[in-house]
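One structure below.
2 protein chains.
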Amino acid sequence: MNDAVLALQERFGDRLAVGAAIREQHGRGESYHPGMPPDAVLFAETTGDVAEAVGKCHEHGLPVIAFGAGTSLEGNVSAVHGGLCIDLTRMNRILRISAEDLDCTVQAGVTRVQLNRELRHTGLFFPLDPGADATIGGMAATRASGTNAVRYGTMKDAVLGLTVVMADGSVIHTGGRARKSSAGYDLTRLFVGSEGTLGIMTEAVLRLHGVPDSIVAAACSFPDLESAVRSVVAVIQSAIPVARVELMDEAQMRAVNEFSRTGYPVADTLLFEFHGSPVAAADDMRRVAEIVAGFGGGGFRTASTQEERSTLWKARHDAFYATTALRPGARGWSTDVCVPIANLAACIEGARVALSATAVPATIVGHVGDGNFHVIFAVDPGNARELAEIADVNARLIDLAHSLDGTCTGEHGVGTGKRGYMDREHGEAVRVMRMIKHALDPTSILNPGKVLPDG
Amino acid sequence: MNDAVLALQERFGDRLAVGAAIREQHGRGESYHPGMPPDAVLFAETTGDVAEAVGKCHEHGLPVIAFGAGTSLEGNVSAVHGGLCIDLTRMNRILRISAEDLDCTVQAGVTRVQLNRELRHTGLFFPLDPGADATIGGMAATRASGTNAVRYGTMKDAVLGLTVVMADGSVIHTGGRARKSSAGYDLTRLFVGSEGTLGIMTEAVLRLHGVPDSIVAAACSFPDLESAVRSVVAVIQSAIPVARVELMDEAQMRAVNEFSRTGYPVADTLLFEFHGSPVAAADDMRRVAEIVAGFGGGGFRTASTQEERSTLWKARHDAFYATTALRPGARGWSTDVCVPIANLAACIEGARVALSATAVPATIVGHVGDGNFHVIFAVDPGNARELAEIADVNARLIDLAHSLDGTCTGEHGVGTGKRGYMDREHGEAVRVMRMIKHALDPTSILNPGKVLPDG
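Chains as they are written, first to last, in the working numbering: chain A, 56 to 510; chain B, 56 to 510.
What follows is the structure, given as structure tokens:
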């Protein structure tokens, strides 16, 4: 054990774990990426713990990686240069809920499901749902979003302020509770999406929303993927305020039925949800039903009860696990591109063409109202040839997204998996990102080897 | 003339102006703050012009200040250390409109009115309206918003990407056209609100919105300010998606009637606007009418025709000029605080108390749906005692906003006017802002003396 770990152990006692199993578990997310265990894992309980630990790592030049629910998908938490993993899941207190201001303050280790459970009796909810029951800190770090983003935005919109431990162990507060401000640089949104490379977020002020009076969901099957996608584009262009519009292709529906023991029609499918007053939600749904019918969408099935809706959305949220389960021992590889909505049909068509080059089981699923979709592969993580094949399909899909004015990641983040695409996507702006990284973390101890390409 | 200006003149010929009148005009916004003229004014026509000019200023250590419509309110453009003013108003081309993607790319000198005129036949509009016909570059620089922000957000939400000239004259592109992205640091939102101190924005990708099928406006008078504010809080907490909710106090209504020759009731007044399908907009309005009636709001008058609405909103947008016109020779001093909505009544009540300490004519007006309001004073800019008196009222109001979890500026920016409040508002985070400023502009040529306090 190196000096830094010994110093941390002396300070934190058995809250600092160095056992192999705990380190292994903290060296990876849920994806195929090879895990790299940290040297030690600290179970932090306060911002002060994090500040003190980061301060010690700063003294010793030891890398520090923040860790939440471990559900990331691009190798975002693997300890590629070793170091200290700070597990924030014990920082799971909801510190304040202001129902009248529609906001709250939570510690970074609170999960989205926990938060919504706590909000149940307030008439409010936290809309973002990236499928997995991620922590708020993890979601902020990757600028996560999910099915509701088409209506409620992403973590950049949900986070109003942050408590952040900087590379030297100092603590700052960014943003605030006012709904808007022009008072200086937007540090909040600089930290959101920075994946723990500029600072470690320990608390967040979050924007909440009133539970709509009426929530209606609907599912609709299509003769082919293109018709489904084209009807989404028409819905978005019509400016109907849908709360959710999700695509699951035929293969995904088959996987979901198998995994969740549901009996949904096996066809390219759109799931919709409408939020508003009873009058507005019904009106929105009626207009969408008209549009999808024009594209051959059939069997517009509504789910009005909480239970029907829960089943429907559980099926959607299980998509990643359902695809992974298609193949025993497989791990999921979920690519994540996002393009302007008018280019979505071309991008998904291109994805299908690219998919035809591999026999690896794959599904298409996405937050298509934002132009964002995933191809999920069930890969054999021990098969190097297969991994190379999927890496190639992935690269082709990202090239396509870039050529269609899109981005290489809509919501999963860069981690180690997408670093190689940053120069192509941002050009000279990568240099400016590097200047900021160097200014805020001059010795590069914060989650090194992530987000920015070497250079 | 110094060497830098001579070099610029050699390169740009008569597009570089050094006459006193032009320099005076480019040394100030619309507020009471004393103007400071730059050494020269360049009328830039391309991003290349800006890059070349900034490059030369970088070589010579000459300050550079970007200038748009000149409508800023906190001394944001005054050349406090001299230098080159780059006037961007000739860069007023709309480069692309993608109706199907609800976005466009514009040069920084395009104004919001010009953009909406151009969009008239597309079914789309750009919702942000900070009263003045500001340029998109200026609005992005100050993170502006206005009456529609309660529904459509601020410039941080409207700007999807930017072209920015950095302090060394290099050019970068930030963000992009995808509706969301997790690909690296959010440089777009770092530049939005940075008031030209981190780079000069020359182009912007903007999010547009579909013109709603139905737009209905309404005005409502109240027996007192508190009833008006309390009904706004109730409307926001009910999550009715109002598109606008604006407060004008009795004094403001009197000033507006005089200035715009209108005959609105002289009373504390709320203006509302509802956007949506005809069914949804009517339903929203009905629910709001019910709520305001519960707070004694009387005479809920609707304006459905384009002409009635234009008259109503013109009155609102003239508020600043109407107040200034109350006193011949006066200039406007508009403070700008924003607090969580539940604290709005206390903050506005405190503002009234603070106002009672001065005889200077003043009105209260605001984007109350966001918790944001202004007190506009008609000050005699030559009367030092009076300016000191208003500075004191302003300081008390900002202290109050801070004590109510608010911000010292909701939408006008920091400029020179609010620098002194940054430490109180942000604490240690100011140090981090300074680290970023130093990394991106090490010789401090970009709009020096603004945003960050000395230190």
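We put the beta carbon where it would ideally sit given N, CA and C, even for glycine.
Note that the coordinates shown come from a computational prediction; the quantities given were computed from them, not determined experimentally.
Counting only beta-carbon separations shorter than 8 angstroms, does residue i have a partner in chain B?
i	result
Ser133 (chain A)	no
Pro185 (chain A)	no
Arg451 (chain A)	no
Ala310 (chain A)	no
Thr462 (chain A)	yes
Asn427 (chain A)	yes
Ala204 (chain A)	yes
Val247 (chain A)	yes
Ile431 (chain A)	no
Gln292 (chain A)	yes
His88 (chain A)	no
Met221 (chain A)	yes
Ala121 (chain A)	no
Taking the alpha carbon of residue i as the reference point, which residue from the options has its own alpha carbon closest?
i	options	result
Glu107 (chain A)	A:Val219, A:Ala380 and A:His422	A:Val219
Pro296 (chain B)	B:Met210, B:Ala204, B:Ser237 and B:His136	B:Ala204
His228 (chain A)	A:Arg234, A:Ala95 and A:Leu215	A:Leu215
Gly387 (chain A)	A:Thr378, A:Pro395 and A:Gly482	A:Thr378
Gly254 (chain A)	A:Ala494, A:Pro508, A:Asp509 and A:Ala283	A:Ala494
Taking all protein chains shown into account, do 16 or more other C-beta atoms lie within 10 angstroms of the C-beta of residue i, making it buried, or fewer, making it exposed?
i	result
Arg341 (chain A)	exposed
Ser365 (chain B)	exposed
Ser200 (chain B)	buried
Pro118 (chain A)	buried
Thr101 (chain B)	exposed
Gln361 (chain B)	exposed
Leu150 (chain B)	exposed
Lys369 (chain B)	exposed
Pro497 (chain A)	exposed
Asp447 (chain B)	exposed
Gly168 (chain B)	In the sequence under discussion, the amino acid at residue 168 (chain B) is Val, which differs from the Gly named in the question. Burial call: exposed.
Arg316 (chain B)	exposed
If the cut is a Cβ gap below 8 angstroms, which residues of chain B does residue i touch?
i	result
Glu466 (chain A)	Lys235 and Ser237
His10 (chain A)	The structure shown does not extend to residue 10 (chain A), since chain A spans only 56 to 510, so no value can be given for it.
At what residues does the beta strand (DSSP E) containing residue i begin and finish?
i	result
Met15 (chain B)	Outside the modelled stretch of chain B, which goes from 56 to 510, sits residue 15 (chain B), for which no answer is possible.
Phe67 (chain B)	Premise fails: Phe67 (chain B) lies in the alpha helix (DSSP H), Asp58 to Phe67, not in any beta strand (DSSP E).
Thr229 (chain A)	Val226 to Gly230
Thr418 (chain B)	Ala417 to His422
Met488 (chain B)	First-last for Met488 (chain B): Ala484 to Leu495, but that is the alpha helix (DSSP H), not the beta strand (DSSP E).
Arg299 (chain B)	Arg299 to Met303
Asn427 (chain B)	Asn427 to Val434
Quick one: is the Cβ of residue i within less than 7 angstroms of any heavy atom of the ligand ZN?
i	result
Glu129 (chain B)	The ligand ZN is not part of the structure shown, which contains no ligands of any sort.
Using 8 angstroms as the limit for Cβ to Cβ distance, is residue i near chain A?
i	result
Leu170 (chain B)	no
Cys402 (chain B)	no
Leu242 (chain B)	yes
Met511 (chain B)	Lying outside 56 to 510, the shown extent of chain B, residue 511 (chain B) is not represented and no answer is given.
Arg198 (chain B)	yes
Val506 (chain B)	yes
Val287 (chain B)	no
Ala414 (chain B)	no
Val334 (chain B)	yes
Ser365 (chain B)	no
Val20 (chain B)	The shown model of chain B, from 56 to 510, leaves out residue 20 (chain B), and the question about it has no answer.
Gly331 (chain B)	yes
Glu345 (chain B)	no
Chain A partners of residue i, CB-CB under 7 angstroms?
i	result
Val394 (chain B)	Ala233
Thr324 (chain B)	By Cβ distance, chain A contributes nothing, its closest Cβ being about 22 angstroms from Thr324 (chain B), past 7 angstroms.
Check the Cβ of residue i against every Cβ in chain B and list those closer than 7 angstroms, keeping chain order.
i	result
His113 (chain A)	Near His113 (chain A) there are no residues of chain B at all, since even the closest Cβ is about 15 angstroms away, more than 7 angstroms.
His176 (chain A)	Ordered by position in chain B, no residue passes the 7 angstroms Cβ test against His176 (chain A), which lies about 16 angstroms from the chain.
I need the boundaries of the alpha helix (DSSP H) containing residue i, first residue and last residue.
i	result
Ile77 (chain B)	Ala75 to Gln80
Cys112 (chain B)	Thr102 to His115
Thr218 (chain A)	Looking at the DSSP string, Thr218 (chain A) is not in any alpha helix (DSSP H); the run it does join, the beta strand (DSSP E), is Val214 to Val220.
Cys402 (chain B)	Leu399 to Leu410
Phe246 (chain B)	Leu242 to Phe246
Looking at the C-beta of residue i, does it have a partner C-beta in chain D at a distance below 8 angstroms?
i	result
Ile500 (chain B)	Structure shown: chain D not included; protein chains present are A and B.
Can you pull the chain B neighbours of residue i, defined as C-beta to C-beta under 9 angstroms?
i	result
Leu495 (chain A)	Val487, Met490, Ile491 and Ala494
Val469 (chain A)	Ser237, Ala238 and Gly239
Show which residues of chain A have a CB atom less than 8 angstroms away from the CB atom of residue i.
i	result
Glu483 (chain B)	Ser225, Val226, Ile227 and His228
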